[in-house]
Structures are given as structure tokens and as C-alpha cells.
Amino acid sequence: MFTCLPHCQISELGLLDWGLLIAFGISVFMLSTLWRRWAFSRESHTPEHLRWHLPRFIYVLFVTAMLTLLPVATFLGSDSGYWYGKFFLLPTAAVAYFAWLIVDINDPDKQ
């Protein structure tokens, strides 16, 4: 992606590289916003139903992947990123989802 690969420093990024990074960031933000609106607008089912949980879990999985995969692959190496994505991403997203669910259930504004 970058013109300075394989060993890039932030100071070596050119204008095109920064443009690509900004465009990627904007596209991830727009995609996650659309996905969040879709996931949290599905109120036709009760919280006891799987169809209520599935869109929300997919959204939390997407956000967890966006926040964790790149840092793991960057700082620990591409092999670590591969193994993290293969074995640890789903449990990490499940923990994040259950934590969000506990906070959402105990929200005093909804009671």
C-alpha cells in the first residue's frame, strides 16, 4: 500500500500514502456507521431471540476486528496477526459483546 515498503516510518509517508490512509479511514467509518444503523434498528424481535443478537454481534465483531487486527499484525508480525484472526478474534469479540450486553442491560436510562 505504501511507497516506502517494506520498512516504513511515519516521516517517510508521502502525500499519496496519507491520502490513501485518510480514504481508508473514511471508508471504514462510513461502513461501520451504516452497519451500526442496520444492526441497532432491528427492533422487531425481542432480546431473547437470536435475530436480535446476531446483527449486533456481527457489528461488534467488525469493530473488534478493525481495532485489534491491524495493531496485532503490525506490532507482533503478520504471522501473529494471522493466528490471532484465526483463533482469538472470535473469542475476543464474544467477550466484547457480552461486556456490551451487560452494560446495555444495566443502563439506567432504559429502565
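Each residue of the sequence shown is one higher than the last, beginning at 171 in the working numbering. Glycine is no exception: its CB is placed at the ideal position from the N, C-alpha and C atoms.
Note on geometry: alpha-carbon atoms of G195 and V233 lie some 13 Å from one another. In this structure, W222 places its C-beta atom within 8 Å of the C-beta atom of H215.
For the pair F258 and R226, the Cα-to-Cα distance works out to about 19 Å. The three-state reading of DSSP puts P261 in helix, counting H, G and I together. Going by beta carbons, L231 and A269 fall outside the 8 Å limit. Sorting L271, I275 and T238 by C-alpha distance to the C-alpha of K256 places T238 at the top.
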